[in-house]
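Here the structure is laid out as structure tokens; the discussion comes afterwards.
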Amino acid sequence: MNTRRATGHPLVVAGIVTVSVACSQWASMLLWMPNPRSHMVWFPGAVLLGALLLQPRRHWWACLLGTAIGEAAAFGVLGVPPLAVTIAMLGSLVLTPAAAIALESLRSRLQSPLEDFRLLTAFVVLGGLALPMLSAAWIAFSIRGTVLEPYLSDWPNVTLAQSLGNLMLVPAVVWTAMRRRNAVPLDTSGTSIAVGAGLLVILCVLWTWHLPMQRLQPALVVAPVPFLIWAMVSFRAVGASLAMLAVGLLAMHFSVAGVGPFIREDLATTTIAVQLWTVSLTVALLYMTVVVEQRATRTQALQHAHQRLQSMTVQLMRAQEDERSRIARDLHDGINQSIASIAIRLSIARQHAQGAERELLGELQAAVTDVSEDVRRLSHELHPSLLRYTGLTMALRSLCEAQPAALRVHAELDELPELPLDVSTALYRIAQESLRNVEKHARASEVTVRLQRVGADIQLEIGDDGIGLDDQPHDAPRGLGLLSMRERAREIGGELRLVSGLHGGTRVIARVAGVASQANQRDDAWR
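Positions in the sequence shown are counted from 1; adding 33 to them yields this note's numbering.
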């Protein structure tokens, strides 16, 4: 259960532990059964174990000193000599650091012990079983003939009280400290808090209301479960541990007052019933909490990985767009100019040639001209200059006209205000990828490209009369092409949907919210 680490000046640590141990011992005394003087729960050892797990080893001496002083102060109210208290607590002062060291040695380099069932099991065995048994045995041995014998001589009772304190308080302390560096958000809404408060009130009413306990006992025993589940789901480890601590204290308090579902024929049996019920429920809740924490942590890691993937995809698309622009510029300004120069020289040579040579040069000139046209078209496909100079509508119209003759393209393009270049580029690439998918996979004869303004939004729709999504191969268009289109839409704050028709065909709909009104505002400000 180690969480490195809370730190502070050793004297400050000693002072905090002293006050905590004294208060926890007094709280434990308040939950004593009146006759005989039997413990419901014993918290000082749990305070010490929690402090050792949160502090570096160089401060452990301060924790031990604070525990000894706090115990002496608490029992001093009863007139018990400090030396007798120190001797009785000596076993706990020696065994608790040993248990903390054992837990640390079992801990591997994991980000969070809350996800480690092995470490939690070690804590339950050491902190919930071995440490209480050995500490109680030392206490029973050391207090013989002292004023503490009437209070601490019942070894099974002291064992269960210490076990219960460790299992209830240590997770609450450690997990609350861990919460400060845990980035996973919690459900702190007003509705959630109201639900939890209502469940706790209902629990108190059920446990204090005069009901026929024999008949309703099974239901009353499990009555805290809805409250514990709410705390675990809403606040995970912190909420579950604190809720279990609250439920356990309520069960003990009501039992001491003589009400609740755990009342038996005598006080000793009532004490054992409360202790065994609380220990069993606490252990079960600890393991359930590990599952919930593990799921929450892995969900968060998956979300972060998805966000990193989206960020890398956006960066890749931007780099791809930059590289396309560079290649298009090189093709247009470099290679195409060289081809044009060759065509001119062929034209000059053809004017001075005769017969078959003139005819050959003409064919070469025509071939070079075709190559130049292909290079120009490729340059515009890579980076359409129309987007920058004439806007999205003209660029899409040019794209529709450039489609193969076998595919009839209907362009229904509204005139739009000037859009940001990144928005125009993203919508153009979506249309380009969609038309490419239609040509390769849809087996369509007609396609409609529609660009329109819908209120303050801009919507681009590409619909075809092809075979639809269900009958297409797995690599189209639900592969990288669709992922690219979705990421382009997301990058500009829009969304992309694919809709299949009842009788075949597919519609790709990209919608960008608010961009039209923003463009109008820029135009008004310019005017």
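Glycine included, every Cβ here is placed at the ideal spot set by N, Cα and C.
Cα-Cα separation, residue i to residue j
i, j, result
"Leu143", "Leu319", "Low local confidence applies: a pLDDT of 44 at Leu143 is under 50, so the model's placement there is unreliable, with the coordinate-based value given in what follows. Distance between the alpha carbons of Leu143 and Leu319 is about 18 Å."
"Val442", "Leu349", "30 Å"
"Ile622", "Leu393", "Residue coverage of the chain in this structure runs from 34 to 560, which leaves residue 622 outside it and unanswerable."
"Trp242", "Leu126", "42 Å"
"Thr154", "Met518", "49 Å"
"Ala444", "Arg483", "6 Å"
"Ala163", "Val238", "37 Å"
"Ala101", "Thr51", "8 Å"
"Val80", "Gln327", "26 Å"
"Met265", "Val206", "16 Å"
"Gln387", "Gly395", "11 Å"
"Ser53", "Ala135", "24 Å"
"Asp299", "Ile305", "10 Å"
"Ala301", "Gln58", "20 Å"
"Val487", "Ala459", "18 Å"
"Ser533", "Val254", "54 Å"
"Ser380", "Asp407", "19 Å"
"Ile226", "Leu278", "17 Å"
"Thr402", "Leu364", "15 Å"
"Val258", "Gly272", "13 Å"
"Ser405", "Ala475", "31 Å"
"Arg521", "Val548", "15 Å"
For residue i, the residue or residues it bridges with in DSSP
i, result
"His443", "Thr481"
"Ile495", "Val482 and Val541"
"Val532", "Arg540"
"Val487", "Asp490"
Residue interval of the beta strand (DSSP E) (run including residue i)
i, result
"Ala543", "Thr539 to Val545"
"Ile134", "First-last for Ile134: Pro115 to Leu139, but that is the alpha helix (DSSP H), not the beta strand (DSSP E)."
Span of the alpha helix (DSSP H), counted from its first residue to its last, around residue i
i, result
"Val258", "Val258 to Val289"
"Arg341", "Leu300 to Asp363"
"Glu182", "Glu182 to Leu185"
"Thr423", "No alpha helix (DSSP H) holds Thr423; DSSP gives it neither H nor E."
"Pro165", "Leu164 to Ser175"
"Gly83", "Pro77 to Leu87"
"Arg151", "Phe150 to Val158"
"Gly14", "Since the first residue of the chain shown is 34 and the last is 560, residue 14 is not available in this structure."
"Ile102", "Trp93 to Gly109"
Backbone secondary structure at residue i - three-state DSSP
i, result
"Ser53", "helix"
"Arg469", "helix"
"Val45", "helix"
"Gly388", "helix"
"Gly527", "strand"
"Pro506", "Since pLDDT at Pro506 reaches only 48, below the 50 mark, its modelled position is unreliable, and no value is offered."
"Ala522", "helix"
"Pro189", "helix"
"Gly367", "helix"
"Leu448", "The sequence given here places Glu at residue 448; Leu does not occur at that position. If DSSP states are grouped into helix, strand and coil, Glu448 belongs with coil."
"Asp403", "helix"
"Arg409", "helix"
"Gly514", "helix"
"Pro204", "helix"
"Ala435", "coil"
"Gly161", "helix"
"Thr179", "coil"
"Ala375", "The sequence shown places Ile at residue 375, rather than the Ala named in the question. Note: Ile375 maps to helix in three-state DSSP."
"Val254", "helix"
"Arg430", "helix"
"Val548", "helix"
"Arg90", "helix"
"Ile381", "helix"
"Ile463", "helix"
"Gly198", "helix"
Exercise. On the three-pair Cβ rule with 8 Å, is the stretch 319-335 touching the stretch 428-446?
Worked result: no
Problem set entry | At least three beta-carbon pairs within less than 8 Å, the stretch 336-354 to the stretch 181-188 | no
For this session: Decide if the stretch 490-504 is in contact with the stretch 456-464; the criterion is three or more beta carbon pairs, one per stretch, under 8 Å apart.
Result: yes
Problem set entry | Segment contact flag, the stretch 91-106 with the stretch 167-179, C-beta cutoff 8 Å, min 3 pairs | no
Exercise. For the stretch 104-117 against the stretch 156-172, are there 3 or more C-beta pairs whose distance is under 8 Å?
Worked result: no
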